[in-house]
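Residue numbers (this note's numbering): 147 to 738.
Worksheet for the structure shown next.
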């Protein structure tokens with residue numbers, strides 16, 4: 147209950163001179179009552195009919211047909227949420243406000259060094275995505291209206307806003323943004339781990355060490371911390387690659403990709419997969435969990451599940467990874483399924499490599515029957531292994547399928563992937579201590595999805611948001627500025643009528659304004675949620691590269707200012723003052 151009815155206003159206009167026909171129209175719609183509440187249909191039909199009739203009267207002012215003007219709560223509808231069981235009067239909202247005020251007044255910054263750092267990236271997790279996921283969670287899993295639902299990371303006490311543009315592009319991608327928040331330096335579009343001097347696809351510039359910028363993973367390893375990455379995309383994809391690679395093209399994931407993108411000699415520049423296995427900091431990662439087996443295996447080697455590897459050089463980088471750990475005398479484990487991952491003896495394993503698919507792991511909702519771990523399970527495994535190191539760890543966790551789903555124009559999948567990220571965040575919170583672990587949840591960039599119209603409280607987030615007062619046809623609450631959801635209009639110039647679409651279908655694509663094969667990113671700022679030591683320093687609006695600098699400061703690693711150094715410096719004058727006071731006191735007592 148709560149979705150807008152499927153009787154379009156255009157049909158009501160046809161019957162405006164015969165309002166008695168409304169009941170007949172309602173009866174025709176009873177066949178879809180399993181998806182739409184008949185009670186809501188009648189209420190809508192009555193409301194729109196009265197509005198249409200009045201608007202046709204001579205001298206009567208025209209009304210905007212806005213569902214927001216209908217207060218469904220007065221009808222006694224309930225959906226199990228506090229919003230309906232409690233009267234939302236002035237005292238209710240005043241109490242809500244005071245509770246929030248008390249919570250914020252009681253918060254104190256944790257002025258300690260961060261032993262551990264966990265950075266969660268919701269790839270493409272824009273502010274509208276978070277809002278819609280919040281509603282989706284309430285409606286899908288809690289049986290509530292959803293608007294007042296709170297995601298796990300929304301409880302974090304510190305929130306900031308970061309600017310996601312690249313050096314050369316107004317709207318960023320996962321490569322230049324990943325470089326920003328992981329290295330502290332902004333880069334050009336589609337480049338990773340390099341500065342402004344390396345342009346897209348410039349192999350010779352990539353090979354200039356002076357243009358390379360190190361990530362927080364290298365900083366962490368330099369001070370003796372353990373490191374790892376977790377993703378449900380390929381481990382060579384832009385976000386995880388930004389933690390270890392230096393490349394002029396984010397697509398150079400294997401040597402075959404260099405050839406594909408026009409490099410005549412694929413051996414001149416190292417591809418991303420071989421950098422992960424052979425170069426620092428990637429070769430030192432104790433945890434690598436995700437997808438992308440094809441980037442590590444020769445094109446003559448059959449994949450365990452389907453297809454072949456993709457490498458032209460004949461090198462099996464998975465075997466090379468294992469040999470390197472053997473040469474170090476370290477215990478290691480390579481796994482390709484959830485069952486194998488769950489069976490790993492963490493206590494007796496130093497390094498783990500898990501590649502669960504030939505490419506990406508796939509959308510969680512569409513992953514039925516596949517023996518792949520969830521993001522939560524991979525995160526749990528990673529933390530359990532990394533926290534064996536008493537000096538601390540740094541972990542990057544990416545929910546990459548939020549982004550992939552948005553590119554496909556499928557908001558249902560994107561919102562579900564956001565909930566999967568939330569589960570991973572909740573698991574990390576349970577396994578760590580707030581007083582020594584800095585946890586940050588943010589996005590690399592935005593997307594073009596918006597929440598629009600005037601849907602009623604409790605309406606399905608995948609339902610109809612409004613009905614046009616121009617062409618009298620509905621549109622969905624969630625829509626995209628561009629993407630594969632574009633539909634051509636009718637020969638007479640009217641737009642496509644979505645009335646008979648199945649909005650609740652998992653892979654439904656809402657209408658996009660402009661046609662593109664893949665929906666684009668958005669250029670709006672993204673939210674940053676933080677809890678733990680020095681998390682209060684992430685409040686405000688700032689450049690995205692600041693995140694890496696804050697992490698370095700909190701964990702006392704990398705270039706620039708460190709908290710532990712500031713603490714020592716501030717303690718010196720205090721200690722000297724105490725010594726002075728003690729000396730004065732002793733002299734006074736002697737003279738007395």
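The C-beta atom is built at its ideal place from N, Cα and C for all residues, glycine as well.
The model shown is predicted, which means the values in this text are computed figures rather than measured ones.
query = For residue 480, does the three-state DSSP call read helix, strand or coil?
reply = In the structure shown, residue 480 adopts extended strand secondary structure according to DSSP, grouped into three states.
inquiry  = Taking the beta carbon of residue 709 as the centre, do at least 16 other beta carbons fall within 10 Å, making it buried, or is it exposed?
reply    = Result: buried.
ask   = Run through DSSP, which three-state label would residue 439 get?
value = Helix at residue 439.
ask   = Under the three-state reduction of DSSP, which class applies to residue 545: helix, strand or coil?
value = In the three-state reduction of the DSSP assignment, residue 545 falls in the strand class, which pools E and B.
ask   = Excluding five sequence neighbours on each side, which residues of the same chain lie with their C-beta closer than 7 angstroms to the C-beta of residue 277?
value = Cβ neighbours of residue 277 beyond the five flanking positions: 597.
request  = Give the range of the beta strand (DSSP E) segment to which residue 575 is assigned.
outcome  = No beta strand (DSSP E) holds residue 575; the alpha helix (DSSP H) holding it covers 557–577.
request  = Mind checking who residue 739 pairs with in its DSSP beta bridge?
outcome  = What is shown of the chain runs 147 to 738, which leaves residue 739 out entirely.
request  = Return the CA-CA distance between residue 560 and residue 297, expressed in angstroms with no decimal places.
outcome  = Residue 560 and residue 297: Cα-Cα distance of roughly 15 angstroms.
request  = Give the DSSP bridge partners of residue 592, in chain order.
outcome  = Bridge partners of residue 592 according to DSSP: 668.
message = Just to confirm my understanding: we take residue 251, look at its own chain, exclude 5 residues before and 5 after, and list those with CB closer than 6 angstroms. What are they?
response = Nothing meets the Cβ criterion.
message = Comparing C-alpha positions only, which one of 667, 633 and 639 sits nearest to residue 657?
response = When only C-alpha atoms are compared, the closest one is 633.
message = By the DSSP assignment, the alpha helix (DSSP H) with residue 386 in it spans what residues?
response = Residue 386 -> alpha helix (DSSP H) spans 384–387.
query = How about residue 432 and residue 423: are their beta carbons less than 8 angstroms apart?
reply = Taking 8 angstroms as the Cβ cut-off, residue 432 and residue 423 do not qualify as a contacting pair.
inquiry  = Using only the alpha-carbon positions, how far apart do residue 581 and residue 257 sit?
reply    = When rounded, the distance between both Cα atoms is 9 angstroms.
key: Nearest neighbour of residue 417, chosen from 469, 615, 369 and 349 [CA to CA]   = When 469, 615, 369 and 349 are compared, the shortest CA-CA separation from residue 417 is found for 349.
key: Straight-line gap, residue 240 to residue 685 (C-alpha atoms, nearest Å)   = Rounded to whole angstroms, the separation of the alpha carbons of residue 685 and residue 240 is 26 angstroms.
ask   = Would you call residue 393 buried or exposed, if buried means 16 or more other Cβ atoms sit within 10 Å of its Cβ?
value = With at least 16 other beta carbons inside 10 angstroms of its own, residue 393 counts as buried.
task = Give me the Cα-Cα distance between residue 584 and residue 410, rounded to the nearest whole angstrom.
result = Near 45 angstroms, if we compare the C-alpha coordinates of residue 410 and residue 584.
ask   = In whole angstroms, what separates the C-alpha of residue 228 from that of residue 388?
value = In this prediction, residue 228 has a pLDDT of 42, which is less than 50 and means its spatial position is unreliable; nothing more can be read from the coordinates.
task = Within the same chain, show all residues whose beta-carbon is closer than 6 angstroms to that of residue 664, passing over the 5 residues directly before and after it, in chain order.
result = Contacts found: 553.
key: Proximal residues to residue 346 (C-beta, below 8 angstroms), its chain only, five neighbours per side dropped   = The residues 334, 335, 336, 337, 394 and 395, in chain order, have a CB closer than 8 angstroms to that of residue 346 in the same chain once the five nearest residues on each side in sequence are set aside.
Among 669, 307 and 269, nearest to residue 687 - alpha-carbon criterion = Checked all of 669, 307 and 269; the closest Cα to residue 687 is 307.
query = Which runs of the alpha helix (DSSP H) spanning at least 4 residues fall entirely within the region 320–364, listed in chain order?
reply = Taking only runs of at least 4 residues, the alpha helix (DSSP H) segments lying wholly in the region 320–364 are 320–329 and 349–352.
query = When DSSP builds the beta bridges, which residues end up paired with residue 263?
reply = The partner list for residue 263 (beta bridge, DSSP) reads 540 and 584.
request  = Output the distance between the C-alpha atoms of residue 571 and residue 375, rounded to the nearest integer angstrom.
outcome  = If you take the alpha carbons of residue 571 and residue 375, they lie about 14 angstroms apart.
Touch test, the region 666–676 against the region 588–605, Cβ-Cβ under 8 angstroms, three pairs minimum = At 8 angstroms Cβ cutoff, the stretches touch.
key: Contact the region 359–372 vs the region 507–514: 3+ CB pairs below 8 angstroms   = Touching, no, given that fewer than three Cβ pairs across the two stretches are closer than 8 angstroms.
request  = Please look up how many angstroms separate the CB atoms of residue 386 and residue 544, rounded, as I've assumed it's under 8 angstroms.
outcome  = Yes, they are in contact, since the Cβ atoms of residue 386 and residue 544 sit about 6 angstroms apart, within 8 angstroms.
ask   = Is residue 200 helix, strand or coil by DSSP?
value = The pLDDT assigned to residue 200 is 41, lower than 50, so where the model puts this residue is not dependable; a value taken from the coordinates is nonetheless given after this. Under the three-state reduction of DSSP output, residue 200 falls in the helix class.
request  = State the beta-bridge partners of residue 781 as determined by DSSP.
outcome  = Residue numbering for the chain in the displayed model covers 147 to 738; residue 781 lies beyond these limits and cannot be assessed.
inquiry  = Going by DSSP, what residue range makes up the beta strand (DSSP E) through residue 500?
reply    = Under the DSSP assignment, residue 500 falls in the beta strand (DSSP E) whose first and last residues are 497–501.
Distance CB(residue 501)-CB(residue 527) smaller than 8 angstroms = At the C-beta level, residue 501 and residue 527 stay beyond 8 angstroms of one another.
query = Are residue 603 and residue 293 touching if we call contact CB-CB under 8 angstroms?
reply = Against a cut-off of 8 angstroms, the Cβ pair of residue 293 and residue 603 comes out as a contact.
ask   = With DSSP run on the structure shown, which of helix, strand or coil describes residue 675?
value = The answer is strand: DSSP assigns residue 675 an E or B state.
ask   = For the putative contact between residue 531 and residue 498, defined by C-beta atoms under 8 angstroms, what is the C-beta separation to the nearest angstrom?
value = 6 angstroms between Cβ atoms; contact.
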